[in-house]
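Note that numbering that gives the first Met the number 0 has the sequence shown beginning at 0, numbered continuously upward.
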Amino acid sequence: MKNFFVKILIFMLITSCSGEKKQKEVIVPNKAWWKEAIVYQIYPRSFKDSDGDGIGDLKGIIEKLDYIKSLGVTMVWLNPFYQSPNVDNGYDVSDYKAILPEFGTMEDFDALVKGLHERDIKFVLDVVVNHSSDQHEWFKQARSSRDNPYRDYYHWWPAEKGKPNYRYSLFDAKGDAWQYDSITNSYYLHYFAKEQPDLNWENQKVRNEVYDIMQFWADKGVDGFRLDAFQFAAKDTTFPKFPEGFEKDFIQYYAMQDGLHDYLKEMNEQVFSKYDVMSVAEGAGRNFQEAHELVDSERKELNVAYAFDAVDIAKPEGYSFSHFKEVFTKWDKEFSKKGWLSIFLSNHDQARLVSRFGNDSPEFREASSKMLNTFLLSMRGTPFLYYGDEIGMTNINFDSISQYKDVAAINGYKKAASEGADMIKFMSDLNFASRDNGRTPMQWDSSENANFTSGTPWLPVNENHKSINVFTENSNPNSILNHFKKMVKLRKEHEVLIYGDYELLAAENPDIYAYTRTLNNEKVLVLLNFTNHDSSIELTEIGAINEPLINNYSTVEVNKNNIQLKPYQAIIFKLN
Ligand code: NOJ
0 MKNFFVKILI FMLITSCSGE KKQKEVIVPN KAWWKEAIVY QIYPRSFKDS
50 DGDGIGDLKG IIEKLDYIKS LGVTMVWLNP FYQSPNVDNG YDVSDYKAIL
100 PEFGTMEDFD ALVKGLHERD IKFVLDVVVN HSSDQHEWFK QARSSRDNPY
150 RDYYHWWPAE KGKPNYRYSL FDAKGDAWQY DSITNSYYLH YFAKEQPDLN
200 WENQKVRNEV YDIMQFWADK GVDGFRLDAF QFAAKDTTFP KFPEGFEKDF
250 IQYYAMQDGL HDYLKEMNEQ VFSKYDVMSV AEGAGRNFQE AHELVDSERK
300 ELNVAYAFDA VDIAKPEGYS FSHFKEVFTK WDKEFSKKGW LSIFLSNHDQ
350 ARLVSRFGND SPEFREASSK MLNTFLLSMR GTPFLYYGDE IGMTNINFDS
400 ISQYKDVAAI NGYKKAASEG ADMIKFMSDL NFASRDNGRT PMQWDSSENA
450 NFTSGTPWLP VNENHKSINV FTENSNPNSI LNHFKKMVKL RKEHEVLIYG
500 DYELLAAENP DIYAYTRTLN NEKVLVLLNF TNHDSSIELT EIGAINEPLI
550 NNYSTVEVNK NNIQLKPYQA IIFKLN
């Protein structure tokens, strides 16, 4: 155990009167299981392929249920697995009650949920109802004639009225959200790709269809709903002109439009209130007030806010650490009394956690991955952790557009090229930020294709799987994976990490993120060095520091009030 010697120069300063100290009764207001949940997100295409077609599937996830359990997580959010032509990897649904054959069957789905439940793990369904696929029967009907009963399921603009006012599309190769359709001489609206027409939420029939779909899955036992792009669902259907250049800040014009809260209230009445489920929408409005309006419990809409302010900070040129602290601190403050947040820094729409917010060089990948996981699991809010981050998977180094599979990358490239953009910069930004970075297959071991598939993987497996993989990490007690598991366990064992008040310390420290979490008489101190060099922090009046609850190094130097941290060191102390 000598290697584990903790070089603590001053501490173990247990309060002198500890003998007399009475355990106060711990009072935690507004507890809820979904506040205590630890969500693990799985991108089904990339987790585990059971049949050799190169595409991950439900049976593959079933094979890995014990692995998921071993992580200690309590919920799994699975990205869409419905019938889909896969223009946007399942976010273009053509049948909301059917399973994409590449992923398996409804029996497989039932077996997956059963297997999770047997292991006390809940399941979150991804509900994609801002838009459907253009191959959905509703859209096929709607586009067939202007008087088809399904016509009003979508947004149409008759071409004889001229071109509708410009709307920006996130994934369109021309950036235009209006697609002309010659069958009825009309335009239809698609905020995402042209194969993803937006549903018309003003139509009660559409809303009823959605509630029926959600009830179908709730009756099958799903425990949570994640509403994709839902803050865009309500629209001003007179389609007024927006100011020139609005697309640079399109969220201001697209999010939280009139009607959205009514739809959420109705959805709550029709679905959420009838089941014991967690509800979370992608996006949390345009400001704190709107975020609250989505999740304050007395409003009876959603229960967890999923805000993008923090995740959006990382840019190819780096990010401002002080801004990072400021964003998390502000959000926590705004939600300290009411409402509940999710905590995340990665998902299937982002590049890899360690490559964006840490340091994926061989020297620092391990320490910085552990540090980031410590952060995510020690903040107030439900952590949403993304598959692969528990072993520190990194970005993949694609250099040609032909290697990318993501519709956003491919159409973004076409758009940039047609606008005469600097394509060298475009490709280097894509290399850093592309969503495909976060979608490469899970690295199970060092064998060919990381044992993700026996066939040809739909997206290349990262070459670094030879050293970065579950098998190797499992057998090393000091691995990122084992640190992740310890941190999950710690969160579950210490209610203070879930419900405790958060207080930022030494805000101006340029290297270290320091905060305390306090719940009744329990207090912990979290110290995270976000840099690749040694750094120190002076802390006064924090009370006595005990032995670390967790540390990603074997030692730490504490000298009076000065604590010295190694590069990317992450440490949590219990305070007295
Ligand atoms: C948000 C999802 O997270 C993303 O993956 C998808 O492309 C868009 N919504 C459209 O559904």
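C-beta: ideal position from N, C-alpha, C; glycine also.
- About 7 Å separates the beta carbons of D500 and S335, which is inside the 8 Å limit, making them a contact pair.
- Cβ neighbours of N430 within its own chain (closer than 6 Å, five residues either side excluded): none.
- When secondary structure is reduced to three states using DSSP, S181 falls in the helix class.
- Using a Cβ-Cβ distance cut-off of 8 Å, the stretch 121-135 and the stretch 214-231 are in contact, since at least three pairs of beta carbons, one from each stretch, lie closer than that value.
- N410 and A192 have their C-alpha atoms some 9 Å from each other.
- Under the 10 Å beta carbon count, F327 is surrounded by 16 or more other beta carbons and is classified as buried.
- F383 is classed as buried because its beta carbon has at least 16 other beta carbons within 10 Å across all chains shown.
- Annotation for K522: the continuous beta strand (DSSP E) segment containing it runs E521 to N528.
- If you draw a 10 Å sphere on the C-beta of R145, you find fewer than 16 other C-beta atoms in it, and that means exposed.
- Shortest gap from the CB of F229 to any heavy atom of ligand 1: 6 Å or more.
- The criterion of a C-beta distance shorter than 7 Å is not satisfied by R438 and Y66.
- Under the criterion of beta carbons closer than 8 Å, I536 and T373 do not qualify as touching, at roughly 16 Å.
- Remark: the shortest separation between the CB of Y39 and any heavy atom of ligand 1 does not fall under 6 Å.
- Here the C-alpha atom of G258 lies approximately 16 Å from the C-alpha atom of I250.
- When DSSP reads this structure, V303 sits in a beta bridge with V279.
- If the five residues before and after N508 are omitted, its C-beta is found closer than 6 Å to the C-beta atoms of I536, all from its own chain and listed in chain order.
- Between V310 and V279, the CB-CB gap reaches or exceeds 7 Å.
- In the pairwise beta carbon analysis, the stretch 212-220 is classified as not touching the stretch 180-196: fewer than three pairs are separated by under 8 Å.
- In this structure, D175 keeps its C-beta atom at 7 Å or more from the C-beta atom of S185.
- Measuring C-alpha to C-alpha distances from Q82 to each of L496, K47, F102 and P239 identifies F102 as the nearest.
- The stretch 339-356 and the stretch 386-401 touch, with three or more beta-carbon pairs separated by less than 8 Å.
- The three-state secondary structure of L538, taken from DSSP, is coil.
- With the rule of 3 Cβ pairs closer than 8 Å, the stretch 526-535 does not count as touching the stretch 447-455.
- Using a C-beta cut-off of 8 Å, the stretch 32-49 makes contact with the stretch 488-500, since at least three inter-stretch Cβ pairs fall below that distance.
- Per the coordinates, the alpha-carbon of A232 lies some 35 Å from the alpha-carbon of R118.
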